[in-house]
Amino acid sequence: MVFLKLIFDLFKVLNSNKNEGEIAAGFSFGVMLALIPGGNLLWITLFVIGFFTRLNLLTAFVTLGLGKLVIGFIDPFLDTAGFYILNINAFKDFFTWLYNLPVVPYTAFNNSLVMGGFAVSLLLAFPLWFLFRKAVILYRAKVRDRIKNSRFGKAVMKLPVVGKLSTLVSTYNSLRERG
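Under the working numbering, the first residue of the sequence shown is numbered 1417, with each subsequent residue one higher.
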């Protein structure tokens, strides 16, 4: 039921007048958090920073959840990339200096999987933002009305479960807005 509510809310966000850039930033940020293994200070810091930036948290959390389901398939690539970065001779003194600082070792930057995930997520952040922003714009311009006016879309909206779920979500949102 929670998964259905998240998907329903995601489509609600896509169909709303929310800024495409904020939605795309949420998707991109969710991918970033999915690529970096959790349980270290780097992931926690990025997670907290997400609450203070202009991004859509729902899209970030849905993307994070879906990303964590499939991340195991690309972990070997991330591990190899991190190992390569950590073994660049020009950076060895810098990484040693970082490791000897008081708090930095808790970021687990010296873990090849963390370093690889962080590096790849930094490389992908802006291209994914542009890609997701374009996808949201195209969805709103070409796909949204077709789905809404299709037989399938009308049939889905007539289902009792969808009607009840829609009512529950509307009630929940109105109560949440009141305070």
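In this text, a Cβ means the ideal position worked out from N, Cα and C, and glycines have one as well. Bear in mind that the values here come from a model prediction, so they are computed numbers and not experimental data.
DSSP places P1521 within a helical segment (H, G or I) once states are collapsed to three.
The three-state reading of DSSP puts P1453 in coil, since its state is none of H, G, I, E or B. The alpha-carbon separation between L1554 and D1509 amounts to approximately 47 Å.
Distances from the alpha-carbon of G1488 to those of A1541, R1562, A1450 and L1575 put A1450 closest. For F1542, the enclosing alpha helix (DSSP H) starts and ends at S1528 to L1554. By alpha-carbon distance to K1434, the top candidate from F1493, A1524, R1470 and L1529 is R1470. Rounded to the nearest whole angstrom, the C-alpha separation of E1438 and S1444 is 10 Å. In this structure, the straight-line span from the alpha carbon of I1501 to that of G1532 is close to 8 Å. Taking the CA atoms as reference points, I1563 sits about 25 Å from A1441. An exposed status is given to W1513, since fewer than 16 other beta-carbon atoms sit within 10 Å of its beta-carbon. V1552 counts as buried, since no fewer than 16 other beta carbons sit within 10 angstroms of its beta carbon. Non-local beta-carbon contacts of A1497 in its own chain, meaning distances under 7 Å to residues more than five positions away in sequence, involve G1532, A1535 and V1536 in chain order. Look at S1432 here: in three-state DSSP terms it is coil, with no helix or strand label.
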